[in-house]
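Take the sequence shown: its position 155, counted from the start at 1, is 155 in UniProt numbering, and no numbers get skipped.
We put the CB at the ideal spot given by N, CA and C, even for glycine.
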Amino acid sequence: MLWLMQVQREDFYNNTALVSLDSPNVQYTFPSTNKIHEDFAYYLESVLSGCVGFIRLHGTMFAVEGWSDHTGEGTDRWYHFEASVLRDRSVIVCTCPNSEYQCIHKRFFALYGVHHFPTTESDSTGLSERVIMFRKEITDIGGALAVHHFSVAKSNDELGLAHRAMVRYKGSDAGDGVWKCFKDGAACAHISAARNSMRGVFTNGKSDEETENRQPSQNIDICGCADYYPYALQANLNLFLSQSEKL
1 MLWLMQVQRE DFYNNTALVS LDSPNVQYTF PSTNKIHEDF AYYLESVLSG CVGFIRLHGT
61 MFAVEGWSDH TGEGTDRWYH FEASVLRDRS VIVCTCPNSE YQCIHKRFFA LYGVHHFPTT
121 ESDSTGLSER VIMFRKEITD IGGALAVHHF SVAKSNDELG LAHRAMVRYK GSDAGDGVWK
181 CFKDGAACAH ISAARNSMRG VFTNGKSDEE TENRQPSQNI DICGCADYYP YALQANLNLF
241 LSQSEKL
């Protein structure tokens, strides 16, 4: 069984955190202010209560929601995150803007990831789906309109994090609403794949008009399977706050 290395909690409480776990010799120093601890406590509470997303997509790959330390809220902007083991060493990669240092997603995973997302041997094998719809937010009373969030690979041959993009769709399940790819723009292979998945078809490179015999999509919808842990909220918050008071 493979287990991700857990960073010592004292590293974070003493404000010297080994955040870039893929570069074990590089350390980053965080400002010694109460605000740093308050921000992280707010983020921890938000993730564990399900208000801010930290969702396992497949194996060691996750979708993480951006976080604003100014408002203390999620930004509704999503990024890919991966925590894996390479040659007996933990490798954590986050694509958020703050991933170089002070990345709150890496801090959360280093402290609580092993507990909340235990890694097993099966997580290191098998391929993910090309299109993964991981979140759906209803926007009207009737439930016909929603904001859909996808993790999409350009092709079935390259399914890893480096080849994926976050795609957002606003509209009905028919797929004829407003699409946006956060990597390649308004019209790209990521959007085409996500749209075809929404409609339950594979076009094999043909346009919708050319496709007559449509087959059910084999891509997946994990919207109802998000990993939230409200039962652990109080214990984790108490631990974090008690450590902060000692500083």
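Kindly indicate which residue of the options has the alpha-carbon position closest to the one of residue i.
i, options, result
"Arg77", "Leu111, Gly66, Lys183, Ser172", "Gly66"
"Ser197", "Gly74, Asp140, Ile132, Met166", "Ile132"
"Lys170", "Glu73, Val52, Leu145", "Leu145"
"Cys51", "Ser192, Arg135, Leu57", "Arg135"
"residue 248", "Leu111, Arg56, Arg87, Cys181", "Look at the range of the chain in this structure, 1 to 247, and you will see that residue 248 is not part of it."
"Ile138", "Val47, Asp173, His37, Ala186", "Asp173"
"Phe117", "Glu100, Met166, Asn156, Leu57", "Leu57"
"Gly185", "Phe62, Val167, His149, Glu100", "Val167"
"Gly74", "Val91, Leu86, Ile92, Val47", "Val47"
"Thr71", "Leu86, Phe109, Lys35, Val91", "Lys35"
"His37", "Glu100, Asn98, Phe108", "Phe108"
"Phe62", "Arg87, Ala41, Val93, Leu86", "Val93"
What are the partner residues of residue i, as DSSP defines its beta bridges?
i, result
"His190", "Answer is none; His190 lacks a bridge partner."
"Tyr169", "His148, Trp179"
"Tyr79", "Val64"
"Arg56", "Phe62"
"Ser91", "Note on identity: in this sequence residue 91 is Val, with Ser being the wrong assignment. Answer is Ser84."
"Ser49", "Answer by DSSP bridge pairing: none, since Ser49 is not bridged."
"Ile104", "Looking at the DSSP assignment, Ile104 forms no beta bridge with any residue, so it has no partner."
"Gly74", "Trp67"
"Ile138", "Ala146"
"Gly113", "Answer by DSSP bridge pairing: none, since Gly113 is not bridged."
Given that a residue counts as buried once 16 or more other Cβ atoms are within 10 Å of its Cβ, and exposed if not, what is residue i?
i, result
"Lys106", "buried"
"Arg89", "exposed"
"Ile141", "exposed"
"Arg130", "buried"
Excluding the five sequence neighbours on either side, which residues of its own chain have a C-beta within less than 6 angstroms of the C-beta of residue i, listed in chain order?
i, result
"Thr60", "Glu82, Ala83, Ser84, Asp123"
"Val64", "Phe54, Tyr79, Phe81, His105"
"Asp69", "Asp39"
"Lys183", "Ala165"
"Asn204", "Residue confidence for Asn204 is low, a pLDDT of 45 falling below 50, so the modelled location carries little weight and cannot support an answer."
"Asn156", "Arg130"
"Arg199", "Gly175"
"Gly143", "none"
"Ser128", "His58, Leu159"
Apart from the five residues just before and just after residue i, which ones in its own chain have a Cβ nearer than 8 angstroms to its Cβ?
i, result
"Thr95", "Tyr79, His80, Phe81, Leu161"
"Gly177", "Leu145, Tyr169, Lys170, Gly171"
"Glu158", "none"
"Asn98", "Ile104"
"Ser207", "Bear in mind that the predicted position of Ser207 carries a pLDDT of just 47, short of 50, making it unreliable; the figure below should be weighed with that in mind. Hits under 8 angstroms: none found."
Cutting at 7 angstroms between CB atoms, please list the residues of its own chain near residue i, excluding the five before and the five after it.
i, result
"Thr195", "Looking at the sequence provided, one finds Arg at residue 195 rather than Thr. Counting only Cβ-Cβ distances below 7 angstroms, and skipping sequence neighbours, we find Gly175, Trp179."
"Arg164", "His80, Ser151, Val152, Ala153"
"Cys181", "Ala165, Val167, Cys188, His190, Ile191"
"Lys193", "Note on residue identity: the sequence assigns Ala, not Lys, to residue 193. Result list for Ala193: Arg130, Val131, Val152, in chain order."
"Arg87", "none"
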